[in-house]
Amino acid sequence: MLVNVIGLDANRTRRLRKELAERNIHLMVVKNTLAARAFRGTPLERAFENITGPTAICWGGEDIVSLTKEVVRFAKDENFAPFSTKGGVLEGEPLTPQQVEEISKWPSRQELLAQLAARLMGPASTLMSALAGPGSTLAGQLKQLAEGEKTGAEGESGASGAGSS
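Going by the UniProt record's numbering, the sequence shown opens with residue 1, and the numbers climb by one from there.
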């Protein structure tokens, strides 16, 4: 992820680095030509196409989505203005700042795992309900029949007792 840190004073830059580090995200200011040369022949090479001005690289986090979520959140924070995204690379393809913003709206790995677990458990709980349903219905009907016979037997004994007196 490429970001712009120009305009941040030393105190805000230090605070930004500290807050990013707490989220296992690293920030390093680089010279574009040296970074482009260092990344030549790697999937990150395309990140430096058409990048101008001083640039910093952000990397780390759990995955690309968590990284973009945090970077975009800090970019929107007035305390760190004019910190902003410049782009990045995803699977060898360069990203624009708008694409970085879109990726930040994707569900995180943890959210996806929770959704997957819910989808996997859904059919099992439906099956268990379907299997338990007829049994509970049958039990309810048997209980009604038993109560009906009991009240019917009490009614007959009460009626026969009234008729014989």
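Even glycine gets a Cβ: it sits at the ideal position worked out from N, Cα and C.
Could you check how far apart the C-beta atoms of T85 and V72 are, in whole angstroms? I think they sit under 8 angstroms.
As a working mapping, residue 85 is identified with position 85 in the sequence shown. As a working mapping, residue 72 is identified with position 72 in the sequence shown. Indeed they touch by this definition, with Cβ atoms about 7 angstroms apart.
State the DSSP-derived secondary structure class of L2, mapped to helix, strand or coil.
Looking up residue 2 in the sequence shown gives position 2. Here L2 sits in strand by DSSP.
Using a 10 Å radius around the Cβ and a threshold of 16 neighbouring Cβ atoms, would you call I6 buried or exposed?
Along the sequence shown, read from residue 1 onward, the residue named residue 6 stands at position 6. Flag for I6 reads exposed.
Along the chain, which unbroken stretches of the alpha helix (DSSP H) at least 4 residues long are found entirely within the stretch 20 to 83?
32 to 38 and 64 to 76
Under three-state DSSP, which class holds T137?
For the purposes of this step, residue 137 is taken as residue 137 along the sequence shown, with counting starting at 1. In this structure, T137 counts as helix in the three-state DSSP scheme.
Taking 9 angstroms as the threshold (C-beta atoms), are P82 and N11 in contact?
Mapped onto the sequence shown, residue 11 falls at position 11. Mapped onto the sequence shown, residue 82 falls at position 82. Their beta carbons are not under 9 angstroms apart, which means N11 does not touch P82 by this criterion.
Rounded Cβ spacing between G61 and I25 (contact assumed at less than 8 angstroms):
Position 61 of the sequence shown holds residue 61. Position 25 of the sequence shown holds residue 25. Right, the Cβ-Cβ distance comes to about 5 angstroms (below 8 angstroms), so this counts as a contact.
Cα-Cα separation between V89 and L34, rounded to whole angstroms:
Here residue 89 refers to the residue found at position 89 when the sequence shown is read from its first residue. Here residue 34 refers to the residue found at position 34 when the sequence shown is read from its first residue. Their backbone Cα atoms lie some 17 angstroms apart in a straight line.
Are at least three pairs of beta-carbons, each pair with one atom in the stretch 36 to 53 and one in the stretch 101 to 108, less than 8 angstroms apart?
no
Going by C-alpha to C-alpha distance, which of G122, K69, L112 and P123 sits closest to E102?
Taking the first residue of the sequence shown as position 1, residue 102 is located at position 102. The shortest C-alpha separation from E102 is found at K69.
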